[in-house]
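Going down the list, the sequences are from chains P and A. Just so we're aligned, residue 1 is where the first sequence starts under my numbering, counting upward by one. Just so we're aligned, residue 379 is where the second sequence starts under my numbering, counting upward by one. For every residue, glycine included, the Cβ atom is placed at its ideal position computed from N, Cα and C.
There are 2 protein chains.
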Amino acid sequence: MLVNNPVIPAFIPPKRTLMGPGPSDVPQRILDAMQRPTIGHLDPAFQEMMEQIKSLLRYAFQTNNSLTFPVSAPGSAGMEMCFVNLVEPGDKVLICINGVFGNRMLENVKRCGGVPVVVEDDWGKPVSIAKVEQALRDNAGIKVLAFVHAETSTGAQSDARSLAALAQKHGAFTIMDCVTSLGGTPVLIDEWGIDAAYSGSQKCLSCTPGLSPVTFSDRAIAKVKSRKMPVQSWFLDLNLVLGYWQSSGKRTYHHTAPINPLYGLHEALVILSEEGLESAWSRHRAMHEQLKTGLESLGLTFVVEASARLPQLNSIWIPDAVDDAAARGKLLSEFNLEIGAGLGALAGKVWRIGLMGYSARQHNVDFCLKAIRRVLHK
Amino acid sequence: MLVNNPVIPAFIPPKRTLMGPGPSDVPQRILDAMQRPTIGHLDPAFQEMMEQIKSLLRYAFQTNNSLTFPVSAPGSAGMEMCFVNLVEPGDKVLICINGVFGNRMLENVKRCGGVPVVVEDDWGKPVSIAKVEQALRDNAGIKVLAFVHAETSTGAQSDARSLAALAQKHGAFTIMDCVTSLGGTPVLIDEWGIDAAYSGSQKCLSCTPGLSPVTFSDRAIAKVKSRKMPVQSWFLDLNLVLGYWQSSGKRTYHHTAPINPLYGLHEALVILSEEGLESAWSRHRAMHEQLKTGLESLGLTFVVEASARLPQLNSIWIPDAVDDAAARGKLLSEFNLEIGAGLGALAGKVWRIGLMGYSARQHNVDFCLKAIRRVLHK
């Protein structure tokens with residue numbers, strides 16, 4: 001043989017406490033679900049489970065949208081699915097940028113041949129409603145308004161209800177990134193009137209990474225169906241994906257669904273449904289309050305002002321005297337604790353402490369505060 | 379709440395024997411790996427595992443290509459990654475179509491703005507080398523030759539070595555679909571001189587579905603890096619993905635990798651490396667010979683002529699008197715045995731019996747023959 005077989009043993013990962021920007025700690029129930037026997041993607045038993053996932057996701061998103069399902073790929077693919085389907089070449093798209101993921105939206109719009117109009121806010125601030133209102137007035141014919149509800153790179157939450165209302169007033173569709181908010185803070189798709197939204201499995205749903213729950217309004221589907229140009233992605237073309245995830249009639253094979261990861265997502269959503277959204281939101285809020293008190297008692301300060309602060313993602317300034325990489329390395333090697341580094345403009349300047357899903361619990365808050373205190377020698 | 383929480387219990391799948399076109403039976407070792415503790419996608423321990431996966435995949439593909447890794451999505455996304463990166467608008471692409479997946483390649487080329495030139499062969503036949511040679515002569519300036527090594531819709535294997543040699547002679551790049559061949563019959567990327575190839579986790583690797591191993595030659599990477607137009611997909615842009623999967627220096631966050639599914643793929647590749655490729659190929663061949671003898675003794679006949687027949691995917695004509703759906707339904711409900719239906723032009727006419735990976739073993743062959751005998755009342 002040209003290339004010989006490498007001798008590599010089974011991989012046994014260390015047991016970490018995950019308090020970065022995701023993945024979050026995964027409950028044993030979900031890990032147990034992941035290892036159940038694999039069945040076929042067209043098996044009647046599997047199709048019944050698909051219907052349950054759709055129903056559980058409608059609850060999580062608070063929507064009656066029939067087209068609500070998990071994309072067979074991570075959140076970035078969920079984002080791309082929204083843009084490639086809803087944006088046609090030449091469409092004017094208003095993008096709100098206040099962190100890494102707004103920039104990624106801009107990249108998506110460009111690659112779809114859309115014409116971007118950008119409203120920028122400082123990293124760590126929420127999207128300015130006034131600026132968006134002005135931009136909608138200044139730029140006639142905006143087809144889509146796109147914004148990030150919960151910026152994972154900063155921990156700022158924007159006012160999705162007001163942004164969606166502005167879009168409706170100006171006849172634009174809305175695309176919302178709720179990767180970090182779904183399950184942690186209210187995401188009210190129907191009440192707000194959002195047309196397309198995408199999330200991730202590994203944040204406040206506490207599932208393993210790799211799936212992106214999405215939801216599309218009926219008018220979004222109508223827009224996709226009436227496109228002049230075909231969707232540029234075959235894998236993400238809703239017209240084709242519909243044939244596999246649609247609820248009525250015979251399912252058509254599109255691609256092979258990731259069976260076992262979907263078992264995991266199903267269990268994550270069952271857990272959320274058992275707890276109830278309001279309880280999950282309160283728990284994230286309560287754990288955040290405790291963490292905040294503890295961090296402030298260590299002299300640490302928050303990047304985001306209190307009114308826009310996400311309970312599930314706590315960005316704090318790294319104290320001047322502290323070596324970022326060395327401190328995070330110590331947390332990992334001595335405490336098996338993962339917290340997040342800064343991204344983009346905030347790299348080296350902030351830490352991002354996640355309290356997402358199963359990580360938003362008393363044990364984690366206490367453990368994290370203890371570990372950070374030790375590393376900062378307080 | 380607008381939408382109430384549905385009361386849905388945990389999903390306990392039935393235990394099936396998977397002998398369709400994939401997913402194949404997943405060994406317990408792989409399922410066990412899937413439920414190990416989730417760690418972060420930038421964790422040093424995870425990055426070490428990524429390097430091992432790359433090394434194990436190089437063995438499976440028989441290549442020294444440095445860019446050899448699993449795409450975080452199913453095989454259809456692996457296909458799309460090859461086309462969106464290697465095809466630029468206006469590029470002439472020769473597509474060989476002899477089943478469903480050649481047609482999917484054609485869809486991809488159109489959506490990339492490529493100019494397709496099609497060579498068609500009957501479903502069930504291998505790609506005609508003579509026709510491809512003629513098409514390369516008749517159409518000057520073909521940039522890429524694309525073909526399916528092992529057509530999952532029919533069970534026909536094409537002569538990849540000769541096709542790649544023709545592409546090289548005419549200065550074209552090659553894209554090869556080896557979704558169903560990798561691990562089951564020889565796939566010799568470097569020896570044949572293939573520039574880009576994609577596979578799937580759930581066929582002869584016997585992992586759960588959802589990941590697509592890919593490999594790119596250095597000259598393919600050079601072509602991607604020198605593109606005039608940006609790659610139309612952000613999620614699949616190799617220029618960006620390289621930053622996360624490249625081996626040297628600091629890894630850059632691109633998207634969150636599907637951690638636990640990658641544990642599963644790692645274990646699947648360790649198993650393949652332990653067995654050795656030659657042994658795996660022989661085992662697939664031996665199990666196929668037994669199945670063939672048994673099926674023929676039941677009066678069943680093969681769709682594909684012996685010389686082009688894939689051992690791991692056995693397409694047989696459904697006897698006239700037999701109701702396709704009823705018979706497959708009975709296999710599933712009475713024997714918990716899944717076999718594959720016909721796709722596209724062969725729907726209702728053929729069954730596809732998979733002997734892939736862990737499903738290519740004595741127990742499965744005996745069990746499948748017994749079940750089919752009962753259902754056919756022989």
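>> For a cutoff of 8 Å on Cβ pairs, would you count Val-753 of chain A as touching chain P?
In response: Translated into the one-based positions of the second sequence, residue 753 of chain A becomes position 375. No, no contact with chain P.
> Quick one, which residues of the segment 400-414 of chain A are near chain P if we go by CB-CB under 8 Å, in chain order?
Replying inline: Gly-400, Pro-401, Asp-403, Val-404, Arg-407, Leu-409, Asp-410, Ala-411, Met-412, Gln-413, Arg-414
> Quick one: complete alpha helix (DSSP H) runs, 4+ long, within the segment 87-158 of chain P?
Replying inline: 100-111, 129-138
> How is the alpha helix (DSSP H) around Trp-695 of chain A delimited, first residue to last?
Replying inline: On the second sequence, position 317 is the one that residue 695 of chain A refers to. Not the alpha helix (DSSP H): Trp-695 of chain A falls in the beta strand (DSSP E), residues 691-695.
> If Asp-310 of chain P sits next to Ala-150 of chain P, beta carbons under 8 Å apart, how far is it from one beta carbon to the other, in whole angstroms?
Replying inline: Here residue 310 of chain P is taken as the residue at index 310 of the first sequence, counted from 1. Here residue 150 of chain P is taken as the residue at index 150 of the first sequence, counted from 1. Asp is not the amino acid found at residue 310 of chain P; the sequence shown has Leu there. About 5 Å separates the two Cβ atoms, so the contact holds.
> Using a beta-carbon distance cut-off of less than 9 Å, what residues from the segment 8-19 of chain P approach chain A?
Replying inline: Ile-8, Pro-9, Ala-10, Phe-11, Ile-12, Pro-13, Pro-14, Lys-15, Arg-16, Leu-18
>> Can you tell me which residues form a DSSP beta bridge with Ser-590 of chain A?
In response: In the second sequence, residue 590 of chain A corresponds to position 212, counting from 1. DSSP lists A:Val-449 as partners of Ser-590 of chain A.
>> With a threshold of 6 Å on Cβ separation, who are the neighbours of Phe-46 of chain P within its own chain once the five nearest residues in sequence on each side are excluded?
In response: Translated into positions along the first sequence, residue 46 of chain P becomes position 46. The residues are Ile-39.
>> Comparing C-alpha positions only, which one of A:Gln-440, A:Leu-409, A:Val-449 sits nearest to Met-428 of chain A?
In response: Residue numbering aside, residue 428 of chain A sits at position 50 when the second sequence is read from its first letter. The shortest Cα separation from Met-428 of chain A among A:Gln-440, A:Leu-409, A:Val-449 belongs to A:Val-449.
> Interface residues of chain A around Ser-181 of chain P at Cβ under 8 Å?
Replying inline: Within the first sequence, numbered from 1, the residue matching residue 181 of chain P stands at position 181. Simply none; closest approach about 16 Å.
> How would you list, in chain order, the residues of chain P whose beta-carbon sits under 8 Å from the beta-carbon of Tyr-631 of chain A?
Replying inline: Working through the second sequence from its first residue, we reach residue 631 of chain A at position 253. Leu-343, listed in chain order.
> Quick one: what's got a C-beta closer than 8 Å to Tyr-358 of chain P's C-beta in the same chain, skipping five residues either side?
Replying inline: Position 358 of the first sequence holds residue 358 of chain P. So the list reads Ser-24, Asp-25, Val-26, Pro-27, Ser-206, once near-sequence residues are dropped.
> In terms of residue numbering, what span does the beta strand (DSSP E) encompassing Thr-552 of chain A cover?
Replying inline: Indexing the second sequence from 1 puts residue 552 of chain A at position 174. Start and end: 551-555.
> Between the segment 426-442 of chain A and chain P, which residues of the former have CB atoms less than 7 Å from a CB of the latter, in chain order?
Replying inline: Hits within the stretch, in order: Met-427, Gln-430, Ser-433, Leu-434, Arg-436, Tyr-437, Gln-440, Thr-441, Asn-442.
> With DSSP run on the structure shown, which of helix, strand or coil describes Thr-293 of chain P?
Replying inline: As a working note, residue 293 of chain P is residue 293 in the first sequence. If DSSP states are grouped into helix, strand and coil, Thr-293 of chain P belongs with the helices.
> In or out: Ile-12 of chain P buried (at least 16 other Cβ within 10 Å) or exposed?
Replying inline: For this step, residue 12 of chain P is matched to residue 12 along the first sequence. By the 10 Å Cβ count, Ile-12 of chain P comes out exposed.
> Count the other CB atoms within 10 Å of the CB of Pro-697 of chain A; is the residue buried (16 or more) or exposed (fewer)?
Replying inline: Position 319 of the second sequence holds residue 697 of chain A. The residue is exposed, with fewer than 16 neighbouring Cβ atoms inside 10 Å.
> Can you pull the DSSP bridge partners for Arg-687 of chain A?
Replying inline: One-based indexing of the second sequence puts residue 687 of chain A at position 309. Arg-687 of chain A is bridged to A:Ala-534.
> For a contact meaning CB atoms closer than 9 Å, what does His-741 of chain A contact in chain P?
Replying inline: As a working note, residue 741 of chain A is residue 363 in the second sequence. From the beta-carbon of His-741 of chain A, no residue of chain P is found nearer than 9 Å; the closest lies around 15 Å away.
>> Output needed for Ala-738 of chain A: all residues of its chain with C-beta closer than 7 Å, excluding positions within five of it in sequence on either side, in chain order.
In response: Numbered from its first residue, the second sequence carries residue 738 of chain A at position 360. Arg-661, His-662, Met-665, Gln-690, listed in sequence order.
> In angstroms, rounded to a whole number, what distance separates the CA positions of Phe-439 of chain A and Ile-731 of chain A?
Replying inline: Residue mapping note: residue 439 of chain A aligns to position 61 of the second sequence, counting from 1. Residue mapping note: residue 731 of chain A aligns to position 353 of the second sequence, counting from 1. Taking the straight line joining both Cα atoms gives about 24 Å.
>> Alpha carbons only, please: which of P:Tyr-263, P:Thr-293, P:Ala-326, P:Ile-95 is nearest the one belonging to Asn-314 of chain P?
In response: Locating residue 314 of chain P in the first sequence gives position 314, where the first residue counts as 1. Answer by Cα proximity: P:Thr-293.
> So with Cβ pairs under 8 Å, would you call Ser-454 of chain A a contact of chain D?
Replying inline: The chain labelled as chain D is not found among the protein chains of the depicted structure, namely P and A.
> Taking Cβ-Cβ distances shorter than 8 Å, what residues in chain A pair up with His-41 of chain P?
Replying inline: For this step, residue 41 of chain P is matched to residue 41 along the first sequence. What His-41 of chain P touches in chain A: Pro-401, Pro-587.
> Touch check for the segment 568-586 of chain A and the segment 448-468 of chain A: three-plus C-beta pairs under 8 Å?
Replying inline: yes
>> Would you say Trp-192 of chain P lies against chain A (beta-carbon separation less than 8 Å)?
In response: In the first sequence, residue 192 of chain P corresponds to position 192, counting from 1. Output row for Trp-192 of chain P: interface = no.
>> Taking the alpha carbon of Pro-504 of chain A as the reference point, which residue from A:Gly-722, A:Gln-512, A:Asp-537 has its own alpha carbon closest?
In response: Locating residue 504 of chain A in the second sequence gives position 126, where the first residue counts as 1. Per the Cα distances, A:Asp-537.
> Could you give the distance in angstroms between the alpha-carbon of Asp-237 of chain P and the alpha-carbon of Gly-243 of chain P?
Replying inline: Mapped onto the first sequence, residue 237 of chain P falls at position 237. Mapped onto the first sequence, residue 243 of chain P falls at position 243. Approximately 11 Å between the Cα atoms of the pair.
>> Between Ile-553 of chain A and Thr-593 of chain A, how many whole angstroms is the CB-CB distance? I'm expecting something under 8 Å.
In response: Start at 1 with the first residue of the second sequence, and residue 553 of chain A comes out as number 175. Start at 1 with the first residue of the second sequence, and residue 593 of chain A comes out as number 215. About 11 Å; that fails the 8 Å criterion.
>> Could you check whether His-644 of chain A and Ala-411 of chain A sit closer than 8 Å to each other, using their CB atoms as the reference points?
In response: The residue labelled residue 411 of chain A in the question sits at position 33 within the second sequence. The residue labelled residue 644 of chain A in the question sits at position 266 within the second sequence. A contact, by the Cβ cut-off of 8 Å.
> Excluding the five sequence neighbours on either side, which residues of its own chain have a C-beta within less than 8 Å of the C-beta of Lys-330 of chain P, listed in chain order?
Replying inline: In the first sequence, counting from the first residue as 1, residue 330 of chain P sits at position 330. Once the five neighbours on either side are set aside, the close Cβ partners of Lys-330 of chain P are Val-375.
>> For His-662 of chain A, would you say it is in contact with chain P, using Cβ-to-Cβ distances shorter than 8 Å as the test?
In response: Position 284 of the second sequence, counting from 1, holds the residue named residue 662 of chain A. It does not; no Cβ of chain P falls within 8 Å.
> Is Lys-223 of chain P buried or exposed, if buried means 16 or more other CB atoms sit within 10 Å of its CB?
Replying inline: Here residue 223 of chain P refers to the residue found at position 223 of the first sequence. Classification of Lys-223 of chain P: buried, given that the 10 Å Cβ count is 16 or more.
> With distances taken between CB atoms, is the gap from Leu-57 of chain P to Leu-269 of chain P smaller than 8 Å?
Replying inline: As a working note, residue 57 of chain P is residue 57 in the first sequence. As a working note, residue 269 of chain P is residue 269 in the first sequence. Their beta carbons are under 8 Å apart, which means Leu-57 of chain P touches Leu-269 of chain P by this criterion.
> Arg-328 of chain P versus chain A: which residues are under 8 Å apart at the beta carbon?
Replying inline: Taking the first sequence and counting its residues from 1, one reaches residue 328 of chain P at position 328. By Cβ distance, chain A contributes nothing, its closest Cβ being about 10 Å from Arg-328 of chain P, past 8 Å.
> How would you label Leu-2 of chain P, buried or exposed, when you count the other beta carbons within 10 angstroms and need 16 or more for buried?
Replying inline: Reading the first sequence from its first residue, position 2 is the one you call residue 2 of chain P. Counting Cβ neighbours within 10 Å, Leu-2 of chain P comes out exposed, since fewer than 16 surround it.
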